[in-house]
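Student:
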Amino acid sequence: MTRRKLVAGNWKMHGLSSDLGEVSVISIAAETLRADVALCLPATLIERAVRKAPGFAIGGQDVHQADKGAHTGCISAAMLLDAGARLVIVGHSERREAQGETDADIKAKAEAALAAGLDVILCVGESDSVREAGEAVATVSAQLDASLPASIDDASRFSVAYEPIWAIGTGKVPSIADIGEMHEALRQRLVARFGEPGSEVRILYGGSVKASNAAEIFGVADVDGALVGGASLKSADFLPIVEAAAAAA
Ligand code: PGA
C-alpha cells in the first residue's frame, strides 16, 4: 500500500496578515515536491490565504458539528468551505483539554465536515501519565474507536494524527519504536473498523516534528506524514520537513 505523504501545518493561534507571505512561499515550493501539503490557519486568515495561494490546500483548525444556529464564536463546515478551506483538524488535544471536547463531539465534527466536503485530520494522543503507566496504546486506541466517523467514503479525504500530548511544543519526541508501535496499533483499529479503506487512511505523527527529526520519523512503517505546529510558521523551518516527506515517499 503506497500512501502519498501528507504534511500539514497547524498555525494554532498564530498569524496575522503580515505572515501571509509565508503561505505563498510554502505553496509555491509545495508544487514541486512529491508530498501533499496543507496549512491549517486561524479562521481570520483563511480567505486571504486562499486568494494568495490559489490551488493550495488551506484548512481550519476546528469546526462545529451543526450546520448553523445559536453557537456564538463557532464556525460551520459550510462557512469554512465558503472561505475556501479544503480541510479541517478535529479533536486536537488543546481543544479536547481547553474546550472540553469529548470523543462524541469529535466524531460528530468529523462526520459533519466530511459530509460537507471538507477533508478531515482527526487527532488522538495520550498524556505523559498514561504513557508512564504503560497504557498509551490501549488509551489512544479507545480514543480513536470513539472518535472515528461512522463511515469514510473516500479514504484519501480522511487522516488520523497521532499526537502524544507530552510531545506537543516540548521538543520531546517518543522513541522510533514507540511511534511504530502506536501507528501499527492505529492501523489495525482502522482496518478493523473500515476494512480495506482503513489501510488507505493516512496516519500522521505530530509533536515536535522538525527538520532534524523528520526523516527518521517518516521512515517508520505506517507513518504517512506529519502534523506540524511550531515548525510550520516559517517556510524555512517547514519546507525541509516537506522535503523529508517527499524523499521518504
Ligand atoms: P508542535 O505541535 O509541532 O509545535 O509540537 C504539533 C501540534 O500540536 O499539532
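Here my numbering is used: the first residue of the sequence shown is 11, the next is one more, and so on. Each residue gets a CB set at the ideal place from its N, CA and C atoms; glycine is no exception. Values in this document were obtained by computation on a predicted structure and should not be read as measured data.
Can you check which of these residues, Val147, Asp46, Gly70, is closest to glutamate 57 by C-alpha distance?
Tutor: Gly70
Student: How many whole angstroms separate the CB atoms of alanine 108 and leucine 249, which I take to be in contact at a CB cut-off of 8 angstroms?
Tutor: Incorrect: roughly 30 angstroms between the Cβ atoms, too far for contact.
Student: For methionine 23, I'd like the list of residues in its chain whose CB is within less than 7 angstroms of its CB, leaving aside the five on either flank, ordered along the chain.
Tutor: Pro52
Student: Using C-beta distances below 7 angstroms, list every residue in its chain close to proline 207, excluding the 5 sequence neighbours before and after it, in chain order.
Tutor: Ile162, Ala165
Student: Verify the contact flag: alanine 241, CB atom, against every heavy atom of the ligand PGA, threshold strictly below 7 angstroms.
Tutor: yes
Student: Report the residue ranges of all alpha helix (DSSP H) runs contained in full by the region 157-216; include only those spanning at least 4 residues, in chain order.
Tutor: 186-204
Student: With H, G and I counted as helix, E and B as strand and the rest as coil, what does DSSP make of aspartate 29?
Tutor: helix
Student: Using a threshold of 7 angstroms, is the CB atom of serine 218 nearer than that to any non-hydrogen atom of the ligand PGA?
Tutor: The nearest non-hydrogen atom of the ligand PGA is less than 7 angstroms from the C-beta of serine 218.
Student: Any heavy atom of the ligand PGA inside 7 angstroms of the beta-carbon of valine 47?
Tutor: no
Student: Given a threshold of 16 other Cβ atoms within 10 Å of its Cβ, counted over all protein chains shown, does leucine 154 qualify as buried or as exposed?
Tutor: With 16 or more other Cβ atoms within 10 Å, it is buried.
Student: Secondary structure at valine 134, three-state DSSP: helix, strand or coil?
Tutor: strand
Student: Is the closest heavy atom of the ligand PGA to the C-beta of isoleucine 251 under 7 angstroms?
Tutor: Answer for isoleucine 251: no, Cβ out of range of the ligand PGA.
Student: Give me, in chain order, the residues of the same chain whose beta-carbon lies closer than 7 angstroms to that of isoleucine 189; leave out the 5 immediate sequence neighbours on both sides.
Tutor: Tyr215, Ile227, Val230, Val233
Student: Taking the alpha helix (DSSP H) that isoleucine 56 falls in, what are its first and last residues?
Tutor: 53-62
Student: Apart from the five residues on each side of it in sequence, which residues of its chain come closer than 8 angstroms, Cβ to Cβ, to glutamate 173?
Tutor: His102, Ser103, Cys133, Val134, Gly135, Tyr215, Gly216, Gly217, Leu237
Student: Return the chain-ordered list of same chain residues with a C-beta closer than 6 angstroms to the C-beta of valine 168, the five sequence neighbours on each side being excluded.
Tutor: The identity of residue 168 in the sequence shown is phenylalanine, whereas the question assumes valine. For phenylalanine 168, where only same-chain residues beyond five positions count, the Cβ hits under 6 angstroms are Val130, Ile162, Val211.
Student: To the nearest angstrom, report how far apart alanine 63 and isoleucine 186 are at their CA atoms.
Tutor: 35 angstroms
Student: Mind checking histidine 81: buried by the 16 CB within 10 Å criterion, or exposed?
Tutor: exposed
Student: Could you tell me whether any non-hydrogen atom of the ligand SAH is closer than 7 angstroms to the CB of isoleucine 131?
Tutor: Absence of the ligand SAH is noted for the structure shown, with the ligand PGA being the only ligands found.
Student: Let me make sure I understand the geometry here. Which of Gly127, Ser137, Val100 has the alpha-carbon closest to that of lysine 119?
Tutor: Of Gly127, Ser137, Val100, the smallest CA-CA separation from lysine 119 is found for Val100.
Student: Out of Glu121, Leu128, Phe66, which has the shortest C-alpha to C-alpha gap to methionine 89?
Tutor: Leu128
Student: With C-beta atoms as the reference, is leucine 26 less than 8 angstroms away from aspartate 46?
Tutor: Against a cut-off of 8 angstroms, the Cβ pair of aspartate 46 and leucine 26 comes out as no contact.
Student: Do methionine 192 and alanine 143 have their C-beta atoms closer together than 8 angstroms?
Tutor: Contact flag unset, no.
Student: Should arginine 44 be labelled buried (16 or more other beta-carbon atoms within 10 Å of its own) or exposed?
Tutor: exposed
Student: Take the Cβ of glutamine 198 as the centre, count every other Cβ of all protein chains shown within 10 Å, and call the residue buried at 16 or more, exposed below.
Tutor: exposed
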